[in-house]
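For this note's numbering, count along the sequence shown from 1 and bump the result up by 543. C-beta atoms are modelled at their ideal positions from N, C-alpha and C, and glycine is treated no differently. Treat the numbers as computed from the prediction; the structure is a model and nothing was measured.
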Amino acid sequence: MAHAAGLVLRPAQPNDIEAIAVLWYAGWRDGHIGHVPAALHRHRRLADFRDRVPPRLHTTTVGECDARLVGFVTVRRDEVEQVYVARPARGIGVADALLAAAEQAVAERFDTAWLAVAVGNTRARRFYARSGWRDVAALDYPAEAGTTPVTVACRRCEKRVR
Ligand SMILES: CC(C)(COP(=O)(O)OP(=O)(O)OC[C@H]1O[C@@H](n2cnc3c(N)ncnc32)[C@H](O)[C@@H]1OP(=O)(O)O)[C@@H](O)C(=O)NCCC(=O)NCCS
């Protein structure tokens with residue numbers, strides 16, 4: 544694995560909201576189009592991500608290279624909820640550093656972390672497996688979608704973090 548030179552991780556701040564939303568929007572499309580019900584697409588416009596970032600900001604860690612935001616991770620209790628890396632920063636270790644930070648955050652309060660990954664998101668699944676996460680079960684994940692969640696066929700993965 545190449546090293547992400549100059550990568551700095553830090554807690555997200557309000558002035559990161561737009562950059563996180565833009566990164567999340569593009570990354571969501573990369574990882575999910577074709578692997579989730581079409582009904583979810585109209586809930587995943589850029590405007591939706593602008594709404595979804597602020598409630599998570601306090602549990603979001605961002606990665607920066609040369610003062611540019613290149614990825615982020617969010618944690619919700621024992622769940623690593625979101626892991627996203629900008630296209631040019633994939634395959635160089637940014638994702639590894641973000642995931643390790645999320646695992647440490649979960650480890651402050653829990654023994655085991657879990658996450659859901661869409662069945663068809665093969666790159667993410669490969670990444671989690673390489674990072675020591677066990678694929679433990681099928682999971683119908685209720686993805687946020689207005690008033691009624693949309694069910695996404697996922698795999699549940701777990702890792703002991705302490
Ligand atoms: C998932 C993500 C964070 C992983 O970060 P990354 O930097 O791309 O991860 P890496 O390149 O280190 O690892 C990906 C692995 O998948 C492999 N891979 C690449 N493209 C692949 C593909 N189309 N199918 C299967 N495996 C693939 C890589 O070779 C690598 O495996 P290896 O280490 O055994 O060679 C990043 O790809 C991303 O942001 N994707 C879009 C958003 C997303 O899907 N997030 C996860 C939501 S659960």
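- Of all C-beta pairs linking the stretch 599-608 to the stretch 573-586, fewer than three are shorter than 8 angstroms, placing the two stretches out of contact.
- With fewer than 16 other Cβ atoms inside 10 Å of its own Cβ, residue 655 counts as exposed.
- Using a 10 angstroms sphere on the CB of residue 589, the tally of other CB atoms stays under 16, which defines it as exposed.
- In this structure, the C-beta of residue 665 approaches ligand 1 to less than 7 angstroms from one of its heavy atoms.
- Here the C-alpha atom of residue 548 lies approximately 28 angstroms from the C-alpha atom of residue 657.
- In the structure shown, residue 614 adopts extended strand secondary structure according to DSSP, grouped into three states.
- Comparing C-alpha distances from residue 680 to each of 629, 689 and 662 shows the shortest one belongs to 662.
- If you check the CB distance, residue 563 and residue 555 come in under 8 angstroms.
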